[in-house]
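Visitor:
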Amino acid sequence: MKPTEGCEQENKVLNVKVKLTETDIFKELLKECNSILEDERIDKDIRKEYKDRFENIFNETFNKQVD
586 MKPTEGCEQE
596 NKVLNVKVKL
606 TETDIFKELL
616 KECNSILEDE
626 RIDKDIRKEY
636 KDRFENIFNE
646 TFNKQVD
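Take any residue in the sequence shown, count from 1 to its spot, add 585: that is its number in my numbering.
(1) Is residue 627 helix, strand or coil when you go by DSSP?
(2) Measure the beta-carbon distance from residue 635 to residue 614 and round it to whole angstroms, keeping in mind my assumption that it falls under 8 Å.
(3) From residue 618 to residue 638, what does the alpha carbon distance come to, in whole angstroms?
(4) Alpha carbon to alpha carbon, how far is residue 641 from residue 628? Give it in angstroms, no decimals.
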């Protein structure tokens, strides 16, 4: 089906820059941490150690007050 006159698709390229926010970066970091903690190729004891370290870092980060 052909679009009506004046509604033809234009071939324009948009130059869009996206700046990641701290929240976006933090979400990506959490995804990576979870993938490490769920990776069964890594020894269970080592995963537990990483999990404990990550939890300590997150708890310290969340307990800080914002000025």
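The beta carbon of each residue, even a glycine, is placed where N, CA and C say it ideally should be.
Guide: On the basis of the supplied data:
(1) Three-state DSSP puts residue 627 in coil, outside helix and strand.
(2) Contact flag wrong, Cβ pair sits at about 13 Å.
(3) The straight-line gap separating the alpha-carbon atoms of residue 618 and residue 638 is approximately 11 Å.
(4) Going from the Cα of residue 628 to the Cα of residue 641 covers about 20 Å.
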